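In my numbering, the protein residues as written are -11 to 407.
For each residue, glycine too, the CB sits at the ideal point set by N, CA and C.
From a predicted model like this one, the values you see are computed outputs, not experimental measurements.
As structure tokens, the structure follows; a few thoughts come after it.
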């Protein structure tokens, strides 16, 4: 039941075909409660709980309390699904099935839809996206950074067919990041590429792969992509920021950040309440002389960290950063423990680590901490670590001599020739 609930939830959040997301979570929770097995807390869940608890407390003092309760409920559901995924995937077959289902759902709906929109020229200012949560190009590009980590992890699974599909998926996902023209995601993508190339064993092969993907993108991406990315140089100075793009996006975001900083200064401890930033921003914008028209209204902060500061204060930001860092530390230590006895599995965790860091780098320019995908990612990483025997204490690398692991113990790594 836990696996069934998780699988249905994946289908719902990618396709939006059925309005049964809450039912899927309930089924998954019931399965977790009734099925046998040691309970697993998702990686960094203590920090998530602290952030949620502080958000509840700050909501009681919120400037717009009625606006805060619904986002808080949604965030609570996000944490529940992370628990479900971490506990529902109890054996190698379930981990593999969930892994492939996630990549398949993303390929079938947001990836396919965005590529079709680009082919037919359906976009805004030359930026392409899909529907629902994937309608915002910045959000879509940020989510893709996480999916890229999963896709590259699949390429380490062995088997020609899996590797071929993973390589094709990597190229298409990278192309879509460029088609969104998200400058924040582009910086995250650079971080992702740097981390994956410098940490893998076969760097020359990695460099060759990056070169091939870059050549394909250079051919397929329209000229508007390069014009927008070329505007990144104009972001280095406030005098030239208006030249970064024709639609004035960068200048508007800079003005929004100024208002977010003012909100943070006026509410340093508790913030204005979880999910309350848009109406409070509008209030501050109306009180700001000479504010840009594009900044007026209930705008988003366009930054995960400024949003957390403005809505939950300094304690909320500390808890959020604690969550991010704790996952980084865990993935790095798990990689170290697996490096000698199972280098293929270690490389999978390197891919997950690179994707995790890249996602939060892109979060400097987008509000990502309230969407479900990073918590799904952590739930899956928790289940994968449990299957590989590194969910417990991973403070030091294993000292045992390298040994051959049976294929059944490695749901995402079957290349026994390298073990």
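Which of helix, strand or coil DSSP assigns to residue 115: DSSP places residue 115 in strand when its eight states are reduced to three.
Could you have a look at residue 398 and say whether DSSP puts it in helix, strand or coil? Confidence is the limiting factor: at residue 398 the pLDDT is only 43, short of 50, which leaves the residue's position unreliable, though a coordinate-based value still follows. DSSP places residue 398 outside both helix and strand once states are collapsed to three, so it counts as coil.
Using the C-alpha atoms, what's the distance from residue 143 back to residue 152? Rounded to the nearest angstrom, the two C-alpha atoms are 8 Å apart.
So, with DSSP's three-state summary, where would you put residue 199? Three-state DSSP puts residue 199 in a helix.
Roughly how many angstroms lie between the CA atoms of residue 337 and residue 356, to the nearest whole one? Their backbone Cα atoms lie some 22 Å apart in a straight line.
Look up residue 375 in the DSSP assignment and say whether it is helix, strand or coil. It is helical.
Uninterrupted alpha helix (DSSP H) stretches inside the segment 112 to 178 (no shorter than 4 residues): Within the segment 112 to 178, the complete alpha helix (DSSP H) runs of at least 4 residues are 125 to 143 and 148 to 168.
With 16 other Cβ atoms within 10 Å as the buried cut-off, status of residue 41: When all chains shown are included, residue 41 counts as exposed.
Is it true that the CB of residue 130 sits closer than 8 Å to the CB of residue 311? No, these two residues do not count as a Cβ contact at 8 Å.
Have a look at 292, 156 and 242 and flag the residue whose alpha-carbon is nearest the alpha-carbon of residue 201. Closest by alpha carbon: 156.
Going by DSSP in three states, residue 383 sits in which element: helix, strand or coil? Note that residue 383 scores a pLDDT of 40, beneath 50, so its modelled location is shaky; the value from the coordinates is reported in the next line. In the three-state reduction of the DSSP assignment, residue 383 falls in the coil class.
Could you compute how far the alpha carbon of residue 210 sits from the alpha carbon of residue 345? Between residue 210 and residue 345, the C-alpha separation is close to 28 Å.
Measuring CA to CA, which of 158, 171 and 63 is closest to residue 237? Of all alpha-carbon atoms in 158, 171 and 63, the one lying nearest the alpha-carbon of residue 237 is that of 171.
Kindly indicate the opening and closing residues of the alpha helix (DSSP H) around residue 88. Residue 88 -> alpha helix (DSSP H) spans 80 to 94.
When 340, 15, 93 and 10 are compared against residue -9, the one with the closest alpha-carbon: Minimum Cα-Cα distance from residue -9 among the listed residues 340, 15, 93 and 10 corresponds to 15.
Backbone CA spacing between residue 145 and residue 87 [nearest angstrom]: Cα-Cα distance, rounded: 11 Å.
Could you give the DSSP three-state label for residue 269: helix, strand or coil? Reduced to three states, the DSSP call for residue 269 is helix.
Assign residue 2 to one of three DSSP states: helix, strand, or coil. Residue 2 falls in the helix class under three-state DSSP.
Just the C-alpha distance for residue 104 and residue 215, rounded to the nearest angstrom, thanks. Rounded to whole angstroms, the gap between the alpha carbons of residue 104 and residue 215 is 22 Å.
Cutoff 7 Å; reference residue 267; Cβ partners in own chain excluding five residues on either side: Apart from sequence neighbours up to five positions away, the residues of its chain that approach residue 267 with a beta-carbon distance below 7 Å are 52, 55 and 286, ordered along the chain.
Where does residue 113 land, buried or exposed, given buried means 16+ other C-beta within 10 angstroms? So residue 113 ends up on the exposed side.
Assess, as a yes-or-no matter, whether the segment 320 to 340 is touched by the segment 272 to 282 under the definition of 3 or more beta carbon pairs within less than 8 Å. Counting C-beta pairs with one atom in each stretch, the segment 272 to 282 and the segment 320 to 340 have fewer than three that are closer than 8 Å, which means they do not touch.
What's the call for residue 442, buried or exposed, on a 16-neighbour Cβ count within 10 Å? One cannot answer for residue 442 here, as it falls past the ends of the chain, which runs -11 to 407.
Do the CB positions of residue 481 and residue 354 come within less than 8 Å of each other? Residue 481 cannot be examined here, being either before or after the span of the chain that is shown, -11 to 407.
Just the C-alpha distance for residue 397 and residue 325, rounded to the nearest angstrom, thanks. Annotation note: pLDDT 39 at residue 397 (below 50); position unreliable, coordinate value reported separately. When rounded, the separation of the alpha-carbon atoms in residue 397 and residue 325 is 16 Å.
When 364, 246, 93 and 43 are compared against residue 69, the one with the closest alpha-carbon: Here the closest residue by C-alpha is 364.
Can you tell which of 317, 178 and 82 has the C-alpha that lies nearest to the C-alpha of residue 133? Ranking 317, 178 and 82 by Cα distance to residue 133 puts 178 first.
Would you call residue 125 buried or exposed, if buried means 16 or more other Cβ atoms sit within 10 Å of its Cβ? Residue 125 is buried by the Cβ-count criterion.
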